[in-house]
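These notes are about the structure you will find just below.
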Amino acid sequence: MDLKEKIFRLSDEYEKHTLQLRHAIHCHPELSFQEKETSALVQRELARIGIPYQLSPVEPGVVATIDSGRPGKYLLLRADMDALPIKEATGLPFASQVEGVMHACGHDVHTSNLLAVAEILWNTRDAWNGKVLLVFQPGEENGGGGRQMIEHGLMDELPDACFALHVMPTTPGVFTVGSGPFTSWSDGFWITVHGEAAHSSTPEKGVDAINIAAAIVTALNTVVTKNLNPLECSTLNIGAIKGGTAPNVIADTVELNGMFRNATKEARDVMFQRVEEIVKGTAAAMGGSADIRFRIGYASVYNNEKLADFASSLFAKYEKELFTGISPHGLAPENWMLTGNQLMLGAEDFGFYAQKAPSCLVWIGTGDTASNHHPNFTVDEPYIKLCTRAMALFAAEYLTGTSF
1011 MDLKEKIFRL SDEYEKHTLQ LRHAIHCHPE LSFQEKETSA LVQRELARIG IPYQLSPVEP
1071 GVVATIDSGR PGKYLLLRAD MDALPIKEAT GLPFASQVEG VMHACGHDVH TSNLLAVAEI
1131 LWNTRDAWNG KVLLVFQPGE ENGGGGRQMI EHGLMDELPD ACFALHVMPT TPGVFTVGSG
1191 PFTSWSDGFW ITVHGEAAHS STPEKGVDAI NIAAAIVTAL NTVVTKNLNP LECSTLNIGA
1251 IKGGTAPNVI ADTVELNGMF RNATKEARDV MFQRVEEIVK GTAAAMGGSA DIRFRIGYAS
1311 VYNNEKLADF ASSLFAKYEK ELFTGISPHG LAPENWMLTG NQLMLGAEDF GFYAQKAPSC
1371 LVWIGTGDTA SNHHPNFTVD EPYIKLCTRA MALFAAEYLT GTSF
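All residue numbers for the sequence shown refer to the working numbering, where the first residue is 1011 and numbers rise by one.
This is the structure we're talking about:
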């Protein structure tokens, strides 16, 4: 049987089990770096299939390798396992059984899907070359589990390519295979403004930290418009502000918390510099002082142009096979392939992989429902098999070495 035919046949064969795994993970969601039950499920499944695995130094991550035994390319496939601190409101029969925790971003799908892909690749390993590294990663939502795993040696042997997919609450079956910057650099900052307390009847004896903070907020809102190229895609916002104790007291301290996002590293570097200069300079000019602490966030996912072109061409070539038995009429939706510049300013810690090796992240629409991170986020389950087919097809075709 042809390799591609076998992939599609196995995706049908494994679909029921994949959904069972998804349900088991979904009803027992775990927050970042607490995914012990999910990790145990992954380990049981890998052992059942026969795939050797090891635990990551970054707990409770799991890493497995499928080696064809023949020289070839080295491909990394990644899935994230963590859930969010959200109370589920979907009413699904397999809804979260953990109060206040929910898989509201599809990581239950990513994990069960990669297990299905793993079994397909294991059972077709005589038909492709090289090896595959399967990464079941903790802490995508909070803390950058990918970054930590890389810091602990995950990519010391550098893959030739990295691939991941993410389900999205958009029209089912729509593939977004952007090239170039795909998500933003995302960083945070905390500012503490220092003034001098005084009674409101004698303002000349104090330094109003609230007044300074207001000036800082106003000044920071000019960074994007006055310090960056108008063609850059960047945002900056102050999301929290706290200060003052009473209406008749001039506040001596104000705290501000904000974030900025940038499509490029160059804009990000400008942002770091100008934010610090404006914060400290504004405070000093008004008789006070300010401290700023940055939180280095997630790196931009940069989709390698060659990999993105390879993926979109491959999916287009097998459009009929990908959608057979999935969509209502077995057909792809209209305008189902989005390519080119598809930048969004959200953040994804797959960016840390993309900064190390050529990478490709693909969005796959699995239902035009509530947005990610929403209590009503759901997935149209027939399209999970579309994810399995797409990832397994990408991996097998890349590792045969005939098209890339």
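Each residue gets a CB set at the ideal place from its N, CA and C atoms; glycine is no exception.
Whole-angstrom distance between residue j and residue i, CA atom to CA atom
| i | j | result |
| --- | --- | --- |
| E1129 | I1059 | 6 Å |
| G1254 | S1211 | 16 Å |
| R1080 | R1135 | 10 Å |
| E1069 | G1297 | 48 Å |
| I1061 | D1197 | 38 Å |
| L1332 | N1133 | 19 Å |
| S1322 | N1221 | 53 Å |
| R1088 | A1380 | 25 Å |
| T1100 | L1125 | 25 Å |
| S1066 | G1153 | 16 Å |
| S1244 | D1012 | 47 Å |
| T1228 | V1203 | 14 Å |
| M1159 | A1295 | 44 Å |
| E1161 | E1150 | 15 Å |
| L1168 | E1407 | 20 Å |
| N1139 | I1017 | 16 Å |
| G1110 | P1385 | 10 Å |
| G1190 | D1301 | 35 Å |
| A1293 | N1231 | 16 Å |
| A1171 | M1165 | 11 Å |
| K1316 | K1395 | 25 Å |
| T1193 | D1090 | 17 Å |
| V1311 | Y1024 | 30 Å |
Per DSSP, the bridge partner or partners of residue i
| i | result |
| --- | --- |
| C1172 | L1086 and S1369 |
| A1406 | DSSP lists no partner for A1406. |
| Q1283 | Paired residue(s): none; Q1283 is not in a bridge. |
| S1244 | N1272 |
| I1251 | L1266 |
| G1375 | M1178 |
| A1364 | In the DSSP output, where bridge partners are listed per residue, A1364 has none listed. |
| D1092 | None, per the DSSP bridge assignment. |
Cβ neighbours of residue i in the same chain (closer than 7 Å, five flanking residues each side left out)
| i | result |
| --- | --- |
| N1314 | P1368, S1369 and C1370 |
| S1122 | T1028, L1031, R1032 and I1035 |
| D1390 | P1182, T1376 and G1377 |
| F1104 | H1033, H1036 and C1037 |
| P1213 | I1260 |
| N1258 | H1209 and S1210 |
| N1237 | V1280 and R1284 |
| L1341 | F1333 |
| E1329 | A1342 |
C-beta atoms of residue i and residue j nearer than 8 Å
| i | j | result |
| --- | --- | --- |
| L1086 | A1405 | no |
| L1131 | V1145 | no |
| Q1107 | C1037 | yes |
| M1178 | V1233 | no |
| E1055 | E1047 | no |
| W1200 | E1265 | yes |
| V1289 | I1374 | no |
| L1175 | M1401 | yes |
| L1094 | A1114 | yes |
| V1072 | S1049 | yes |
| P1343 | V1184 | yes |
| S1078 | T1398 | no |
| G1082 | L1403 | no |
| D1092 | H1120 | no |
| A1309 | F1270 | no |
For residue i, the three-state DSSP class (helix, strand or coil)
| i | result |
| --- | --- |
| Y1328 | coil |
| M1415 | Missing from the structure shown is residue 1415; the chain here goes from 1011 to 1414 and no further. |
| N1267 | strand |
| F1304 | strand |
| V1389 | coil |
| A1342 | coil |
| S1189 | coil |
| L1029 | helix |
| D1218 | coil |
| T1181 | coil |
| Q1053 | helix |
| W1132 | helix |
| G1291 | helix |
| T1212 | coil |
| I1260 | strand |
| D1197 | strand |
| F1043 | coil |
| E1206 | strand |
Sequence-distant residues of the same chain with beta carbon closer than 6 Å to residue i, five excluded per side
| i | result |
| --- | --- |
| L1348 | T1186 |
| A1250 | N1267 |
| G1188 | N1313 and Q1352 |
| I1096 | M1112, A1114 and P1385 |
| R1278 | W1195 and N1272 |
Proximal residues to residue i (C-beta, below 8 Å), its chain only, five neighbours per side dropped
| i | result |
| --- | --- |
| A1261 | G1205, A1207, D1218, A1219, I1220, G1253, G1254 and T1255 |
| I1076 | I1061, A1128, L1131, W1132, R1135, K1141, V1142 and L1144 |
| I1306 | D1197 |
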